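Residue numbers (this note's numbering): 422 to 507. From the three backbone atoms N, C-alpha and C, an ideal C-beta is built for every residue, glycine too. From a predicted model like this one, the values you see are computed outputs, not experimental measurements. Notes follow the structure.
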Amino acid sequence: ARFASDKSEFCKNTEVNFKTVGIDSSHISWYVWDYGDYSGKDTLNNGLFYDTTGFYGNGGIVHTYAWRGTFRPKLLIIDKFGCRDS
């Protein structure tokens, strides 16, 4: 589950844009983002997104880091068959 961010260094209260890389979103049911800053996880239901919009989401998301530090964000994807990758 590869992803990229638009910033690698930032001050506190900075928005960071995350996007998936090389993932066929039509096969993904869930994207689960853990930002590595103990703020909790965000879960994106790709099936619901499709039902609402008519197309699959790419799993991209924006997160605001409340403080400066070293973080190790993680993306977990779950496909339509229940297989997981991170």
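What residue range does the beta strand (DSSP E) around residue i cover?
i    : result
T485 : I482 to Y486
Helix, strand or coil: how does DSSP classify residue i here?
i    : result
S450 : strand
D427 : coil
D509 : Lying outside 422 to 507, the shown extent of the chain, residue 509 is not represented and no answer is given.
T491 : coil
Kindly identify the DSSP beta-bridge partner or partners of residue i.
i    : result
T441 : F424
R505 : I499
D455 : K462 and K495
Determine, using beta carbons only, whether residue i and residue j come nearer to each other than 9 Å.
i    : j    : result
G457 : K495 : yes
G481 : K428 : no
D463 : H484 : yes
Answer yes or no: does any C-beta atom of chain C fall closer than 9 Å to that of residue i?
i    : result
F492 : Looking for chain C here will not work: only one protein chain is present.
Would you report the Cα separation of residue i and residue j, rounded to the nearest angstrom?
i    : j    : result
D534 : H448 : Nothing can be reported for residue 534: it is not among the residues displayed for the chain, which extend from 422 to 507.
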